[in-house]
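Inspection log for the structure reproduced underneath, given as structure tokens.
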Amino acid sequence: MNRCALLGVFVLVGLGACSLMDGDGGAQKPKGSTAAIACTADAVIEDGENDDHQVIVHAGRNGYIYTFSGGSTTVEPTPGAAGGVFTMSLGGANGSRHAARMHGTVGGDEGAFAGLGFNFTDPQAGFDASKYEGISFFARRGPGSGGSVRLKVPDRATAPEAGECSECFNDFGADLAIGEEWQRYVFRFEELAQLPGWGAPRPASIDASAIFGVQFQIQGAGAQFDLWIDDLSFVGCAGEPELNVAAITDIAAPEIDGDHDLIRNAGFEDGALAPWVLTTGPEASARVEVDGGQACVAIDSPGRRVSDVQLRHRVRLEDAHVYLSDFVASASAETPVRARIGSAGPPYVDYWASNAVI
Numbered sequence: 153m154n155r156c157a158l159l160g161v162f163v164l165v166g167l168g169a170c171s172l173m174d175g176d177g178g179a180q181k182p183k184g185s186t187a188a189i190a191c192t193a194d195a196v197i198e199d200g201e202n203d204d205h206q207v208i209v210h211a212g213r214n215g216y217i218y219t220f221s222g223g224s225t226t227v228e229p230t231p232g233a234a235g236g237v238f239t240m241s242l243g244g245a246n247g248s249r250h251a252a253r254m255h256g257t258v259g260g261d262e263g264a265f266a267g268l269g270f271n272f273t274d275p276q277a278g279f280d281a282s283k284y285e286g287i288s289f290f291a292r293r294g295p296g297s298g299g300s301v302r303l304k305v306p307d308r309a310t311a312p313e314a315g316e317c318s319e320c321f322n323d324f325g326a327d328l329a330i331g332e333e334w335q336r337y338v339f340r341f342e343e344l345a346q347l348p349g350w351g352a353p354r355p356a357s358i359d360a361s362a363i364f365g366v367q368f369q370i371q372g373a374g375a376q377f378d379l380w381i382d383d384l385s386f387v388g389c390a391g392e393p394e395l396n397v398a399a400i401t402d403i404a405a406p407e408i409d410g411d412h413d414l415i416r417n418a419g420f421e422d423g424a425l426a427p428w429v430l431t432t433g434p435e436a437s438a439r440v441e442v443d444g445g446q447a448c449v450a451i452d453s454p455g456r457r458v459s460d461v462q463l464r465h466r467v468r469l470e471d472a473h474v475y476l477s478d479f480v481a482s483a484s485a486e487t488p489v490r491a492r493i494g495s496a497g498p499p500y501v502d503y504w505a506s507n508a509v510i
């Protein structure tokens, strides 16, 4: 396969009882909804790689990143309302350099909270995201981090800057269960909801034509928290051209001298799985064991989609090169699988994919 220089992932996804894999396979599936179609680069809100306190300035967005708090909460970086300027932290998702992080302790008083926000514009105004279907991001928490985390997307009905709400801040959102490993989350706009019992007005759904940003809020009296966010992006591009991906099937195997394998630990040597990673969707359950140079993926609950169970491995692709990939696999029951090579960060796109039954 001939592609420009990009970081990617090799992915093997499948449904079934137990798939034995020997060779090259591996990506990560979002939590939240079914995956939306990939977008162009304009959809990326913030990836942290500029190492500053502003979202990526493009596509009509020029807002800032900040923390906020209520009650006796302590949070780092210092909230913007207290004169703080947000700083990125080293160690992003998918091996990237930076991510947005906030950490501290929620106050013990009633209603105390901490938050991490990404405003779309400065000065604040409603941003028209109606051509998109939703948002995605990577998230993880540090060891010992507690408290409940809620995704919030302020719109014209909930943001006081819009001048329409009499009881503001009950933003459309979703409650998150975040683990210690990086995980991608995808939420379509129609999946977001207000909390019950308060807020005015209370429209039936979010108004994607006037949203003000994305926030992550933590509550829980006395909870210590350490929250990391990376690769925040819109998903679904009804108003943008889709990226075309074509399978390459007519290329002869090149003459290669020496060891030029991009796939590391392809033989699962010495019983080791790393750098391979098994990821599952929100309704799937699976485990992987390595034995005799093979990785056995035992799937207890397959989820609803072929992509709900994935074995992934990150690789680097270079321009003007042809890449060949293969793997040997068997299964205890007939199992549909999808092998793919795709981008490791937004905008997410498949460079090559192939379906098979093993």
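Numbering-wise, the sequence shown is residues 153 to 510 according to my numbering. Where a beta carbon is used, it is the ideal one built from N, C-alpha and C, also for glycine. Remember, it's a predicted structure, so these values are computed and weren't measured experimentally.
Tell me whether residue i sits in a helix, a strand or coil according to DSSP, three-state version.
i	result
E319	strand
G433	coil
N271	strand
A418	coil
F339	strand
P306	coil
A508	strand
G260	coil
D194	helix
G388	strand
P353	coil
G455	coil
D460	helix
R492	strand
G444	coil
A314	helix
A438	strand
A360	coil
A252	strand
A233	helix
What are the start and end residues of the beta strand (DSSP E) that includes residue i?
i	result
S282	No beta strand (DSSP E) holds S282; DSSP gives it neither H nor E.
A245	No beta strand (DSSP E) holds A245; DSSP gives it neither H nor E.
T487	No beta strand (DSSP E) contains T487, which DSSP labels as neither H nor E.
E228	226-228
L328	324-328
Q369	365-371
T239	First-last for T239: undefined, no H or E at that position.
Y218	217-222
Would you mind stating whether residue i and residue j have Cβ atoms separated by less than 8 angstroms?
i	j	result
V442	L430	no
G223	Q367	no
G200	A281	no
G296	Q376	yes
G419	G298	no
I363	F279	yes
L344	V305	yes
I381	A481	no
G331	R293	yes
L384	I197	yes
W428	L463	yes
So, for residue i: in the same chain, excluding its five sequence neighbours on each side, which residues have a beta-carbon less than 6 angstroms away from its beta-carbon?
i	result
T226	G256, T257
E579	The structure shown does not extend to residue 579, since the chain is modelled only from 153 to 510, so the question has no answer here.
M254	T219, V227, L268, L379
G315	none
G244	G200, H250, A251, D382
G374	G260
A360	A281, S282, F341
R308	G278, A314, E316, D359, A362
Is there a Cβ from chain B that is less than 8 angstroms from the Cβ of residue i?
i	result
A252	This model lacks chain B altogether; it includes just one protein chain.
Is residue i buried or exposed, if buried means 16 or more other CB atoms sit within 10 Å of its CB?
i	result
G494	buried
L476	exposed
D452	exposed
A195	buried
H210	exposed
D261	exposed
A424	exposed
V387	buried
V237	exposed
P231	buried
Can you find the residues in the same chain that come closer than 8 angstroms, C-beta to C-beta, to residue i, ignoring five residues on each side of it along the sequence?
i	result
T310	C317, C320, F321, N322, D323, F324, Q346, G351
G215	Q206, V207, F270, N271, F272, T273, D274, Q276, G365
T239	H205, P229
D422	none
F289	R336, Y337, V366, I381, D382, D383, L384, S385
R213	I197, V207, F272, T273, F279
Return yes when at least one heavy atom of the ligand SAM lies under 7 angstroms from the C-beta of residue i, else no.
i	result
Y337	For the ligand SAM, the structure offers nothing, since it holds no ligand at all.
For residue i, which residues of its own chain have a beta-carbon under 7 angstroms away from its beta-carbon, when the five flanking residues on both sides are left out?
i	result
I510	S171, A481, S482, A483, T487, V489
G263	G222, G223
D460	K181, T432, G433, E435, A436, P454
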